[in-house]
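Just below is one structure, and these are the notes that go with it.
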Amino acid sequence: MTKETFFHCLELLRAEYSKWDAPAKRFENAYRRTPYTILISTLLSFQTRDEMTLEAGKRLFALADTPEAMLRLSEEKIAETIYPVGFWRKKAASVRHVSRELLERHKGEVPSTLRELIELKGVGPKTAKIVLENAFGAEVAAVDTHVHRLVNLLGFVRSRSPEETDRILERELLPEERKGLNRLLVSFGQVICRPRHPDCDRCPLKECCPASQSRSS
DNA sequence: AAAACGGGGGC
DNA sequence: GCCCCAGTTTT
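Quick note: the first sequence uses my numbering, first residue 5, plus one each step.
Take a look at the structure:
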């Protein structure tokens, strides 16, 4: 698929974007939508479904929505609050550790550069990019499994891993061309073009989807 | 029973 | 780059 065709598809998606803005939904209920709550929400979200993350975040941020307040909670308290997200034990420790690092090294503020974010223990490249994208509006290619799967499905790139896709997109697309691309594709992958049961009936890409022929529902 | 979920760290 | 880690919901 050529770049032009790819962008045409993105336009089709963008036209109905407001109907499936799942990432925005993930953070809008986060008690107060701040870089800190976004960072913590993202830490909680890995290997866990959105609904669980949302509920856990709501309960946790009702108790503490700043690093100072979070450190006043014991690790056990945090753990029992965020249950039943996956890996709750590890995540509770991570939430507390990151909060302490923010206070000690960043005056309690969430840093806004990739390098500083990754230096926080428990924050890797994926989490860091998601935070940059959602908390600071950075146009980064935060390629996750959805984005990786979709650009390969459409045939825009051919790669084996999300990391490789990430590098290709950063190389092939100018920053302004990446604008909004990630949130668009993640939402699309979560709501319409799901891995297992794609909702092809509601799909705005029916016409240009290479796989539409081999699918029934 | 198996898949699915926007990983990270240590080496 | 490779391997290990760890848990819950949904199907």
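Even glycine gets a Cβ: it sits at the ideal position worked out from N, Cα and C.
{"Check": "Rounded to whole angstroms, what is the Cα-Cα separation between K94 and L107?", "Outcome": "20 Å"}
{"Check": "Ordered along the chain, which non-local residues of its own chain (more than five positions away) have a Cβ less than 6 Å from that of W24?", "Outcome": "S191 and V195"}
{"Check": "Express the C-alpha separation of T57 and F50 in angstroms, rounding to a whole number.", "Outcome": "9 Å"}
{"Check": "Just the C-alpha distance for F140 and R30, rounded to the nearest angstrom, thanks.", "Outcome": "16 Å"}
{"Check": "Identify whether R219 lies in helix, strand or coil by the three-state DSSP scheme.", "Outcome": "For R219, the predicted structure reports a pLDDT of 46, less than 50, and the residue's modelled location is therefore unreliable. A value from the coordinates is still provided. It is coil, neither helix nor strand."}
{"Check": "Less than 9 Å between the C-beta atoms of R109 and L75, yes or no?", "Outcome": "no"}
{"Check": "By the 10 Å Cβ neighbour count, where 16 or more other Cβ atoms means buried, how is G112 classified, buried or exposed?", "Outcome": "exposed"}
{"Check": "So, R18 versus L188, is the Cβ gap smaller than 9 Å?", "Outcome": "yes"}
{"Check": "Below 8 Å on the Cβ atoms is my contact criterion, and I expect P179 with E143 to pass it. Report the Cβ-Cβ distance as a whole number of Å.", "Outcome": "6 Å"}
{"Check": "Could you tell me the distance, in whole angstroms, from the CA atom of P199 to the CA atom of H150?", "Outcome": "8 Å"}
{"Check": "Classify A66 as buried or exposed, calling it buried when 16 or more other Cβ atoms lie within 10 Å of its own Cβ.", "Outcome": "exposed"}
{"Check": "State the DSSP-derived secondary structure class of A28, mapped to helix, strand or coil.", "Outcome": "helix"}
{"Check": "Please state if the CB of D69 and the CB of Y87 are separated by a distance shorter than 9 Å.", "Outcome": "no"}
{"Check": "Is it buried or exposed for D170, if we count other Cβ within 10 angstroms and need 16 for buried?", "Outcome": "buried"}
{"Check": "For T46 versus N186, is the C-beta distance shorter than 9 Å?", "Outcome": "no"}
{"Check": "Straight-line CA distance for W96 to P129?", "Outcome": "Reading off the sequence shown, one finds Ala at residue 96, where the question assumed Trp. Approximately 20 Å, taken between the alpha carbons."}
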